[in-house]
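In full-length UniProt numbering, the protein residues as written are 1 to 1085. Every residue, glycine too, gets a C-beta built ideally from N, C-alpha and C.
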């Protein structure tokens, strides 16, 4: 990549094409292209604005502003897509497009602007990994809001993946913990923008659900509901126990039964009844989730929570703060026994039960397994359970049998004769013994009988159990299909995700006993033949294809959980071998045609290591195959990374432009994937253990960030530099600390890692762990001597980092351990600055910090105090708390400008001399919180401050009152970019979020006007407000009116009636009439 920088004589220049370790820290500009952008060829011809065409000057101004902003952030280099890519070079252009996501991810800072606002409105935010650190990390609150706002205007797959890559916990808090008392700050405006867009397109909060990436349980419901026969399950939904569950407060109910007794179909009946019961009443909601052994995404309790949250949001008219906003919430969970993390699920359910929310009703269905039963004993009574016994279920089975005989094209021939029909019913009812699944399989078999002799033979030899049923189905598979059936069933049983029909078609052609394993001539011509081959053992379902790796929407699955029980663990070895040998066939450079013709390629590339780990890496033959792949001399190595790069798992498709020079060494990938045996073999073969490469920088860092303790030990034993600086996290210890891998942190510390090593995004391991709320790691680091007050990194110290993310428990822990609460970081921010400058700040956190003596009146380089930040985010309760603790309500700031100086990555700030000196007679209060509320257009906080006694006539150093600022929407003095000049917090920011093709422009304009008018109303309603105060330009409020704008005449009339004088002149001897006349505002004149 090329980077821009400013030469010593102030001209712009760009570096050569840099790769790997050559790339220094840099900022990146994320923007919408305008018509005046500077291209690569323009930059080569002109590196300043002296001889630039007039139509390019704005583009150059944007670049020079980026350079200044980067300097403020302590960065020498920055990247802008318009001029850092030679678009005339197709190879370079293609590689740049494929690398943009990585470049954005690796940037130290990101400047953001839009074509809908001036380039001067750019803002700088620290970058955050959207992939590797996604699971554990939480973005800064402003960063989260910025992602929310800009994701709605960005285009392109790579940009969409960045801007929708928001951690679940963060997005959940963002949506559900917004304070009711918050003013109309930009977070409310962003949500209003979201709601308007979704309501207009009919998606109803669909984008929020996209963020959550929740699995769709409706596919399971619809499949089960289709299998349900009329009137089955009515004994339950019409029974007294179920009706009581619907009506009673905080009710719970557990349905349990033997495998195959029809629990899933019964829950579909329950869900339908509940949805009909809730009807159109949006205050009542039914949410459900099906755990599914066929889909790993539906085996995770966290995915269950995401799905339930999405359903609650979709039902709500507006974004709810919690389930208590509904009158009744019915939750149905099916197949708990198919959850892969059952202990975690049980803990969740126990926690929900402890809430005892009257409006929350929980129904669960599962097999009667001891761990589930033991957990339920803590909060269920005998009346809260229903056992699906044989006598209860048999009536439903009988209805099912009769319906199949009437409707099934293969069985209707036996429905003509009442005696034959009776024989079938009696035989199946005697054998079913409460097993729905057993009856389904027998009916499938009976449908193949050609005459009564065959039928009666089948009826007299019915299997006694599901296991015997499956054995019989297998024995009836044609001999020529038997090998294909075994291969398909093995892969279906242990696949890491649902397999598409196209992938199954290729799996049928994989025989690990031969070489080559894959024979394209054996690929099923019709993928749906898999159904015929495997008979009743598999089904084909529709899938929403939420994952980028899904080639199609039709997937093949085992027909029932009980089918999985009969498979052998030897399958993992077979699948691993199949994946590795499938990849080994790619000995020529990949092309789009080859990839499109290889349906199984993506699966093999993505999951071979997963299956290898499950084997324990104890099979010598598999390890040899893995080592063959993990060789840069093998063309298949590059093909693997092109198909799926584990270092960037969020890439959706193949990156065929990727070359070996841009690919990390095999040791790096072995460490990243947690392959301890392969790592050991590679080290034994002489692999350079400290080689640089990959997004993490080196193998030890990669293993640490993923939590692979065994690999970490292997690398340390082999001589890995334990304190090597690399990647965003700085070093291995900081990476493991941020991710919360306590065991890895202990291994590193026991191996003499420097606990206070500096570097990386958070400066040190303790700050990283504090920012991520890793309390166990924080305790461990402190026990090993971490400096609790160490100054460095994004937030300055550990206490600030925890406070910035509103991690109250971690803050409390650090305070207990003696952290200094009075420290400020290099940007002069105290812990209260960090805590309150967040959408998620809580009153309890501020109370805790104040009780320990946190300073309340400090001013940071944004020229803001903690009280000002409380106004910025609409934190009324926090503002009230600060005022109650003695912070003056009219505490003002005199804006200063600050220059950033960076020496060896250490930034410091020096205050500049003010650009304007006030008149000697001016005795100003400074810019008060009321000034900020008025300037940004926040009527709620304006009213709050006035009610608390704020002075509406307080003047800044330029003699401006709040009324001056709300009318002018800007302020005198330096153009230094801080929170006072940042347009991101103004009411007018809604224009930047506007989609002119889809949004209601008039409604958005009305929203903005309503907020500005609300501030004006509040100020004019206060009898203390004076309209005769003159600012440093001798301008009164009538000079500040936006003449020519809609409604200006009405504003003038109100001001005049309130006592403003139209004849007062400013320093230039101009009165308000001059201003109105010059603007052509006849009504105002």
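| Item | Value |
| --- | --- |
| Beta-carbon gap between residue 801 and residue 758 smaller than 8 angstroms | no |
| Between the CA atoms of residue 867 and residue 882 - distance to the nearest angstrom | 7 angstroms |
| Range covered by the beta strand (DSSP E) that runs through residue 632 | Counting along the chain, residue 632 falls outside any beta strand (DSSP E), and DSSP gives it neither H nor E. |
| Cut-off 7 angstroms between Cβ atoms - residues of its own chain near residue 181, not counting five sequence neighbours on either side | A caution first: residue 181 carries a pLDDT of 34, below 50, which makes its placement in the model too unreliable to give a value. |
| Given 8 angstroms, three or more beta-carbon pairs between the stretch 307 to 318 and the stretch 285 to 292 | yes |
| Beta-ladder partner(s) of residue 1086, from DSSP | With the chain covering 1 to 1085 only, the question about residue 1086 has no answer from this structure. |
| Boundaries (first-last residue) of the beta strand (DSSP E) holding residue 257 | 252 to 257 |
| Which listed residue (832, 650 and 289) has its alpha carbon closest to that of residue 306 | 289 |
| Alpha-carbon spacing of residue 429 relative to residue 533, whole angstroms | 28 angstroms |
| Whole-number beta carbon distance between residue 774 and residue 674, since they are thought to touch under 8 angstroms | Between residue 774 and residue 674 the Cβ distance is about 20 angstroms, and since that is not below 8 angstroms, they are no contact. |
| Cβ shell of residue 458 (< 7 angstroms), same chain only, five flanking positions each side left out | 445, 446 and 449 |
| Cβ pair residue 1032, residue 959 closer than 8 angstroms | yes |
| Distance between residue 927 and residue 895 (C-alpha atoms, nearest Å) | 8 angstroms |
| Collapsed DSSP secondary structure at residue 450 in the structure displayed | coil |
| Test item: CB-CB of residue 583 and residue 622 under 8 angstroms | no |
| Opening and closing residue of the beta strand (DSSP E) in which residue 328 lies | 328 to 334 |
| Through-space distance from residue 493 to residue 349, alpha-carbon basis | 28 angstroms |
| Inter-residue spacing [alpha-carbon to alpha-carbon] between residue 1037 and residue 964 | 6 angstroms |
| Assigned secondary structure, residue 265 (DSSP; H/G/I helix, E/B strand, else coil) | helix |
| Element boundaries [beta strand (DSSP E), containing residue 819] | Taken as a continuous stretch (DSSP letters only), residue 819 belongs to no beta strand (DSSP E), as it is neither H nor E. |
| Rounded straight-line distance, which links the Cα of residue 981 to that of residue 626 | 57 angstroms |
| Buried versus exposed, by CB contacts within 10 Å (16 or more), residue 1087 | Outside the displayed range of the chain (1 to 1085) lies residue 1087, so it cannot be described from this structure. |
| Entirely enclosed alpha helix (DSSP H) segments - the stretch 986 to 1069, minimum 4 residues | 989 to 992, 1001 to 1021 and 1048 to 1057 |
| Other residues of its chain near residue 547: CB distance less than 6 angstroms, five sequence neighbours each side excluded | Only weak support is given to the placement of residue 547: the predicted model assigns it a pLDDT of 42, under 50, and the value that follows is read from those uncertain coordinates. There are no such residues. |
| Three-state secondary structure assigned by DSSP to residue 145 | Caution is warranted here: a pLDDT of 35 is assigned to residue 145, below 50, making its placement in the model unreliable, and the coordinate value is therefore given only provisionally. Of the three classes helix, strand and coil, the one that applies to residue 145 here is helix, per DSSP. |
| For residue 885 and residue 846, the rounded distance between their alpha carbons | 11 angstroms |
| Whole-angstrom C-beta distance between residue 962 and residue 987, which should lie under 8 angstroms | That belief does not hold up - the Cβ atoms of residue 987 and residue 962 are roughly 15 angstroms apart, past 8 angstroms. |
| Residue of 1010, 716, 597 and 249 minimising C-alpha distance to residue 938 | 1010 |
| As assigned by DSSP and simplified to three states, the class of residue 66 | helix |
| Rounded straight-line distance, which links the Cα of residue 474 to that of residue 504 | 18 angstroms |
| Residue 932 versus residue 872 - alpha carbon distance | 8 angstroms |
| Coil, strand or helix - residue 1072 by DSSP | helix |
| Stretch-stretch touch, CB-based, cutoff 8 angstroms, three pairs: the stretch 678 to 690 with the stretch 653 to 663 | no |
| C-beta contact flag for residue 733 and residue 715 at 8 angstroms | no |
| Contact set for residue 506: own chain, Cβ-Cβ below 6 angstroms, skip 5 residues either direction | 523, 599 and 600 |
| Boundaries of the alpha helix (DSSP H) in which residue 609 is found, first to last residue | 601 to 614 |
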